[in-house]
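Presented below is the structure to which this report refers.
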Ligand code: CTP
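Numbering (this note's numbering), first residue to last: 4 to 409.
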């Protein structure tokens, strides 16, 4: 079984505060990047006296955020938006002063403001003189942060920059990242890679027209959100829809079935679970016109069509076949029969059947589905797409754990 980093695709705010261990934050930034995380550095003023923001900018390719009163930066991504963007805020090094501010809920600079404004996972790697670390108030602040669910990594014992010997050295960057992985990678899908297709595809006829279907993409997005909440590392390959990307999910936008197939094949490496929730157009105009077709010339009624590849079938037959390949079957009649036919003809491990006889079902927030495996049919209780997606992902996780044991 492959081991996927919890940090893959995660949005991380790395808060750098003013201490000599700042220099280690450069290596920490690189290590987070190596594991696939997107890192936004937020420095305190004091930290800029130890390492130049330019260093971090070069390491992350992103502007460094320092002040909450920076009108240019705020115009790009405001601090509340940045707080929502984060899947994790890691403060490393975390000084005595910042630790005290975080424990008392102060919002005196950008970093502490983001901390109080975000509901994401939080972690600190303290770094300070051994007497400051042992100071009774520091230990009380630390206990309070642990009570609040903050992951605390380190500090380590040894010779300090000031010459003292004792506890207070910041944990080495690679150890911080390993520690984060084991503390935060929770849930049945931890270390599992999940690829999900969603939405419709658009097949161009000419520059202004296309063939499409009524899929809203809501189910695929709900599944991506559920898989991410269960600890999975999720890639969502979506056709054109107007939906927000779920937190912690990497989204690849495509338009046509051919683009979807290419994106899926590129993402298959090390995938544990593939879910085809997209309503892929089965056909496309064979030769999309460069110019707008004119109805007066009868060119619209003579559009030649050709068949698109079956994306999920290609995944099932791929030599890098994921452990589980799960499909959907949206049917208007003989729902269970048709769904089972797809289960076998596409060599799926399970299929999720839903009735779309009433066209109004598209774009709705509620749904009812049956989860089918071999000869087992499991009708799930009706609910919102978010609730049903969570039920589906729980069943898929269970199925995966049985397969892994086999
Ligand atoms: N699917 C796919 N690529 C296609 C068509 C379908 O990956 N070109 C996947 C869908 O994502 C879904 C499953 O196959 O997981 C069934 O899709 P559906 O549209 O119900 O079935 P079709 O194979 O297109 O059959 P039909 O339209 O005849 O019902």
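Every residue gets a Cβ at the ideal spot worked out from N, C-alpha and C, and that includes glycine.
Note down the Cα distance separating residue 16 from residue 91, rounded to an integer number of angstroms.
6 Å
To test your reading of the DSSP string, which unbroken beta strand (DSSP E) runs of 3 or more residues are found completely within the region 227 to 305?
236 to 241, 252 to 256, 276 to 279 and 286 to 288
Determine the contact status of residue 44 and residue 20, defining contact as a CB-CB distance below 7 Å.
no
Note down the Cα distance separating residue 383 from residue 353, rounded to an integer number of angstroms.
14 Å
So, for residue 142: in the same chain, excluding its five sequence neighbours on each side, which residues have a beta-carbon less than 7 Å away from its beta-carbon?
none
When the Cβ atoms of the region 69 to 76 are set against those of the region 109 to 121, are three or more pairs found closer than 8 Å?
yes
Using CA coordinates, which residue listed in 307, 297, 350 and 333 is at the minimum distance from residue 320?
350
Exposure of residue 299, with buried meaning 16 or more beta-carbon neighbours within 10 Å
exposed
Residue range of the unbroken alpha helix (DSSP H) whose run includes residue 148
139 to 150
With residue 154 and residue 104 assumed to form a contact (beta carbons below 8 Å), what rounded beta-carbon distance in angstroms separates them?
Actually they do not touch by this definition, with Cβ atoms about 18 Å apart.
Simplified DSSP state of residue 49, which is helix, strand or coil
helix
Check whether the Cβ of residue 221 sits closer than 6 Å to any heavy atom of the ligand CTP, and report yes or no.
no
Mind reading off the beta-carbon distance from residue 132 to residue 165? Whole number of angstroms is fine, and I expect it under 8 Å.
6 Å
Quick one: is residue 31 buried, meaning 16 or more other Cβ sit within 10 Å of its Cβ, or exposed?
buried
Which of the three DSSP states is assigned to residue 203 in this structure?
strand
Helix or strand or just coil, what does DSSP make of residue 68?
strand
So within the region 67 to 137, which uninterrupted alpha helix (DSSP H) runs reach at least 4 residues, ignoring any that extend past its ends?
74 to 79, 82 to 88, 99 to 106, 113 to 120 and 133 to 137
With respect to the alpha helix (DSSP H) encompassing residue 339, which residues constitute its N-terminal and C-terminal limits?
338 to 348
Going by the beta-carbon positions, is the gap between residue 156 and residue 182 smaller than 7 Å?
yes
I'd like the ranges of any alpha helix (DSSP H) spanning at least 4 consecutive residues and lying wholly in the region 164 to 216.
176 to 187
According to DSSP, which residues form a beta bridge with residue 358?
334
Counted within 10 angstroms of its Cβ, other Cβ atoms place residue 172 as buried (16 or more) or exposed
buried
Cβ separation of residue 220 and residue 193, assumed to be a contact under 8 Å, to the nearest whole Å
Not a contact, Cβ separation roughly 26 Å.
Taking three-plus beta-carbon pairs below 8 Å as touching, is the region 218 to 237 in contact with the region 6 to 15?
yes
May I ask you to list the residues that DSSP assigns as paired with residue 155?
127
Check the Cβ-Cβ distances between residue 264 and every residue of chain D, and say whether any is below 7 Å.
Checking the listed chains, one finds no chain D in this structure; it contains a single protein chain.
DSSP-derived helix/strand/coil call for residue 56
helix
For residue 310: DSSP bridge partner residues:
286
Which residues in the same chain as residue 4 place their Cβ atom closer than 7 Å to its Cβ, once the five residues preceding and following it in sequence are excluded?
Note that residue 4 scores 38 on pLDDT, short of 50, meaning its location in the model is unreliable; the coordinates nonetheless yield the value given after this. So the qualifying residues of the chain are 407.
Could you pull the start and end residues of the alpha helix (DSSP H) that residue 373 belongs to?
That residue, residue 373, is in no alpha helix (DSSP H); its beta strand (DSSP E) goes 373 to 376.
Please determine whether the Cβ atom of residue 276 lies at a distance below 6 Å from any heavy atom of the ligand CTP.
no
Give me, in chain order, the residues of the same chain whose beta-carbon lies closer than 7 Å to that of residue 264; leave out the 5 immediate sequence neighbours on both sides.
312, 314 and 317
Are the CB atoms of residue 398 and residue 374 nearer to each other than 7 Å?
yes
Put residue 366 into one of helix, strand or coil per three-state DSSP.
coil
In whole angstroms, give me the CA-to-CA distance for residue 178 and residue 217.
49 Å
Any heavy atom of the ligand CTP closer than 6 Å to the Cβ of residue 336?
no
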